[in-house]
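Note sheet for the following structure.
Residue numbers (our numbering): 1 to 977.
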């Protein structure tokens, strides 16, 4: 192995001006790139005893590949994972460090080439021998601090619909189909709080795992044996890393949205009706918005208007006069648009025509046949945009549809390619992102944007980017914020959240979620609306949901605030076209030295002047973090100097916290747009935000009443409201004669729940009165938790696995392990009553909750001749599982094993369960409310005899989850016999 210990001569360097050094000390080869005017310089240490790369700046490690069993450079061969080990040779020639390494697979070696530049280095590597089919880099996440980028993240916690971890390493990300054909907005780019970045240059599908199974690793695998090409950026700040990436993929050449589309919301019909839409409903929707003064620029008709998917003609039964409908919408001052797709269903009139003319993508396995794909509306083929004749036919049909019906613009949905299909001759899968973008660019997208990614065209075209469908709960609202930050900082700056209030076929959003979402979106580049604040339809029940006048008023205020802010936002659009910088961005893009800002996911910068901190919870206050600077509080007219944490900032439903950096460009426009005069002077907060205790066990909370106004407030008094039977005692002062601007009254309280308080959530409300009559309040949920102990007579316990029990009044808790509760296994914990269930008996209880990660974990009721010895006969159980719904199981032959089954459906809690016995006939029922019962099943249990036992049971069913337990809570257990 060669040894280099001196500075290389200029003739040996890639660029003499760079003065790059390559040295070897012991087992490390080090590439040193000196600082320049525009780059901080860095080193790459290559461990040669086992191939690993550590990138450092100023002697501080910034990014390191994984070591140990995973390896840093790994590959799959024959279904098994292997990795590079000892470096057997290296050389430095013409500015490239070449490395050869042995691997864990006999006969296979890794050859890597590292090419350093001033602010980045290229790492290309291959595997020689071994017939690999996948290559991947693995990084130790902690080596680089926090990780960001990626785009919409698939997570075990429901992402991207209801979860988007920020930073990425704070959660788990696992996407096995991460690639150019993905429907998700993703790019193979990640950046870190240490100001490093990773770009994988591929058009292939990747398997990406970031902290999967909480292993602390980032796995970036390309599903191909081709040369693995990666670029590692090394800068002083994350913003500079972002700019480096945009310099590679391109910045927007324009914005496809107009000023009006930035200034006013787009109203799309999807979350309002889903596919249950017709002409009358759409016109009623538009009329309600118009009559109530809820402004917007466009009414857009989403899915289910066509006579058949792909026909591009209206269904005359549901839309008898589309041109007349369009005219009425125009007369209300709205533009009119429709939803379209390139997917043609097999049962549509146009399908066979497209097949006969060769207009569809071909099957990847048999290119003599059209590719058939499955989507949420059936089975379809996809227009091949790489076929000029196919594109011309499709565009011609679109333009005729628009002309005939006076349609102003389009929302393109679904993907332009699917991995089950073969690209057109001379094209690759990644090309279809470009082709789709070129198609969409011919039409007015009305601010709905298009979901194209991965290629230069998607970045340069300047499309608005809309998120994937979100849920309608608080978690989804918070995910909409962090997901916007993720998408915006991988090079798609003209970003909007999913439809305000969410969609995803979930229940209609609550008033709080809908209003808070509108307030949040008002501080984003664009507003994308669907659920009307007047009324909507709950897709899960079919019932109409009517919102109150305050909902309409607060939604209107959010729209007006956004419209006033539009001149400032439009300035940011122009800046982004010039520079590529994102409009909506994390705090640390503007304040990179502020370490606290790297974990803030519920605030953002909108351009350089506006710090948005909307309340994304159902609480009436929030904590706000302000970095260094002079910040104008738009709600109270005060100036706050950062860095500062504002605890208990008052944010009742009508208040949207936002702050303007008075020294930033555009501050004047922002202040004029956002300044308010109708906000309460005081706010109050409770900490901790989620206190927990046991029944009858005292706990401590603190209330903080603060004056956020620009004047003193008088006669300040704090109070704490607790549930009936609880007590709250102030242990420090709860009153103040006066609070000056910025001052606070902090009060400590001892709260004692009732001795038999219900387990679960209980509201604790803090109130502050001031100025002799004005009042604000905030509420948190205190958790009363079950505590293992004992049960009281006449209850007894029995277990065939590790189990614990607890009781508070009529509430029973069971903590249990157990491999299973059926077939050959009968491992459970039980609380029961002895000899209570006669030949004619009814046993029922409410399963209030059950917690555990095992999907088949069970909690419910049981009967047997003797529950301590089920083999004595009469054994049956009715349980709710964690994920698989109800299960009614019985022992048909008296051997103590449950061998019959009925059930299924969705899991829900509380679950009211009932077993009836009529001799040897057992019947199981379930109910969501304890009033309306549904039969689960009936079974014969011939071994049932005499008067038996009845009780509550739980089993973790942890055969494939060793050591896991279930915690089950029951109430209202009752036996009538």
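Backbone N, C-alpha and C define an ideal beta-carbon position, used for all residues, glycine too.
Computed from a prediction, not measured in an experiment: that's the story for all the values here.
- Here residue 350 has 310, 311 and 344 as same chain residues with Cβ atoms under 6 angstroms from its own Cβ, once five neighbours each way along the sequence are excluded.
- Closest option to residue 353, judged by alpha-carbon separation, among 370, 364 and 711: 370.
- Under the three-state reduction of DSSP output, residue 37 falls in the coil class, being neither helix nor strand.
- For residue 293, the number of other beta carbons within 10 angstroms of its own is below 16, and it is reported as exposed.
- Residue 872 sits in a helix when the DSSP states are folded into three classes.
- When rounded, the separation of the alpha-carbon atoms in residue 847 and residue 911 is 5 angstroms.
- Beyond the five residues adjoining it in sequence on each side, residue 249 comes within less than 6 angstroms, by CB distance, of 456, 459 and 491 in the same chain, given in chain order.
- In this structure residue 523 is not in contact with residue 464, their Cβ atoms being roughly 16 angstroms apart against a cut-off of 8 angstroms.
- For residue 338, the enclosing beta strand (DSSP E) starts and ends at 335-341.
- Not a single unbroken stretch of the alpha helix (DSSP H) spanning 4 or more residues falls wholly within the region 915-964.
- Between residue 400 and residue 39, the alpha-carbon positions lie close to 54 angstroms from each other.
- The residues 605 and 608, in chain order, have a CB closer than 7 angstroms to that of residue 590 in the same chain once the five nearest residues on each side in sequence are set aside.
- Boundaries for residue 479: no beta strand (DSSP E) harbours it, while the alpha helix (DSSP H) harbouring it runs 474-488, taken from the DSSP string.
- Distance from the Cα of residue 777 is smallest, within the candidate group 383, 898, 672 and 619, for 619.
- Residue 893 sits exposed, since fewer than 16 C-beta atoms from the chains shown fall within 10 Å of its C-beta.
- The C-beta distance from residue 936 to residue 878 rounds to 7 angstroms, short enough to meet the 8 angstroms contact threshold.
- Distances from the CA of residue 307 to each of 282, 300, 495 and 348 were compared; the closest alpha carbon is that of 348.
- Going by C-alpha positions, residue 839 is about 12 angstroms away from residue 941.
- A distance of 9 angstroms or more separates the beta carbons of residue 494 and residue 542.
- When DSSP states are grouped into helix, strand and coil, residue 89 belongs to the strand group.
- Distance from the CA of residue 151 to the CA of residue 483, rounded to the nearest whole angstrom, comes to 7 angstroms.
- Closest in C-alpha terms to residue 579, from the list 664, 276 and 253, comes 253.
- Separation of residue 915 and residue 843 (C-alpha to C-alpha, rounded to the nearest whole angstrom) is 5 angstroms.
- The beta carbon of residue 859 sits closer than 7 angstroms to the beta carbons of 847, 850, 879, 880, 954, 966 and 968 from its chain, once the five residues preceding and following it are set aside; these are given in chain order.
- Residue 91 counts as exposed, since fewer than 16 other C-beta atoms from the protein chains shown sit within 10 angstroms of its C-beta.
- In the structure shown, the three-state DSSP call for residue 468 is coil.
- Within the DSSP bridge table, the entry for residue 811 names 808 and 971 as partners.
- Assigned with DSSP and collapsed to three states, residue 450 falls in coil, not helix or strand.
- With respect to residue 863, residue 917 sits close: the two C-beta atoms are nearer than 9 angstroms.
- Using a Cβ distance threshold of 9 angstroms, residue 69 and residue 46 do not count as a contacting pair.
- In the three-state DSSP reduction, residue 643 falls in the strand class (E or B).
- Here residue 763 is bridged, per DSSP, to 781.
- Taking residue 514 as the centre and dropping the five residues before and after it, the same chain places the C-beta of 500, 501, 531, 533, 547, 551 and 555 closer than 8 angstroms to its C-beta, in chain order.
- For the pair of segments examined, the region 773-793 was found to touch the region 687-697: the number of CB pairs separated by less than 8 angstroms reaches three.
- Between residue 674 and residue 627, the CB-CB gap reaches or exceeds 9 angstroms.
- Three or more beta-carbon pairs separated by less than 8 angstroms link the region 264-281 to the region 313-321, which places the two stretches in contact.
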